[in-house]
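In the numbering used here, the protein residues as written are 164 to 303. Structure record follows, encoded as structure tokens.
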Amino acid sequence: ALWACLIFLLSGATDVLDGYIARKYNMITNVGKVLDPLADKLMQITVFICLLVLEIIPMWIVILFAAKEILMILGSTYILKKKIKVVESKWYGKLCTAVFYTVKTVMMWVIAFLTVMTLALYTLDTLKAMKEKKQLSENR
Numbered sequence: 164a165l166w167a168c169l170i171f172l173l174s175g176a177t178d179v180l181d182g183y184i185a186r187k188y189n190m191i192t193n194v195g196k197v198l199d200p201l202a203d204k205l206m207q208i209t210v211f212i213c214l215l216v217l218e219i220i221p222m223w224i225v226i227l228f229a230a231k232e233i234l235m236i237l238g239s240t241y242i243l244k245k246k247i248k249v250v251e252s253k254w255y256g257k258l259c260t261a262v263f264y265t266v267k268t269v270m271m272w273v274i275a276f277l278t279v280m281t282l283a284l285y286t287l288d289t290l291k292a293m294k295e296k297k298q299l300s301e302n303r
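Next comes the structure, spelled out in structure tokens:
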């Protein structure tokens, strides 16, 4: 879980850095306007599928998210092919992505903490049971 958290955080950090560099050095391109959100969405879909496999979220959430993203990807591709002005990211899209990264990062840390805590508690329970068994053996 820790590695997943670190990879996820690194992905988010490089995405922010990439956008900053593109804006600062005026390197924004129409292809970048399509590929950057596509990379974000692929990361998000990967997380949703992992959460689904772990049975943390229901299938309908994955379907809803995937349907929205597929429609946006198809729309972006159409706009790019027709050489229509590419719609840039809006504040509400960036907000959604930021909330997604924040919530998922917090969720991963909570899951990691609970995993370690559960392991520790099960270990203590096992040690206690072993000690009780040893005491019962000695009393016989």
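By construction, the Cβ of each residue, glycine as well, lies at the ideal position given by its N, Cα and C atoms.
Inter-residue CB distance, residue 267 and residue 210 (contact presumed, cutoff 8 Å): 6 Å
Using the rule of at least 16 other Cβ atoms within 10 Å of the residue's Cβ for burial, across every protein chain shown, is residue 288 buried or exposed? exposed
Exposure of residue 271, with buried meaning 16 or more beta-carbon neighbours within 10 Å: buried
From which residue to which residue does the alpha helix (DSSP H) around residue 293 run? 254–302
Relative to the alpha-carbon of residue 260, which residue among 178, 166, 169 has its alpha-carbon at the smallest distance? 178
Need the endpoints of the alpha helix (DSSP H) that residue 188 sits in, please. Segment: none, residue 188 is in no alpha helix (DSSP H) and carries neither H nor E.
Quick check on DSSP: helix, strand or coil for residue 231? helix
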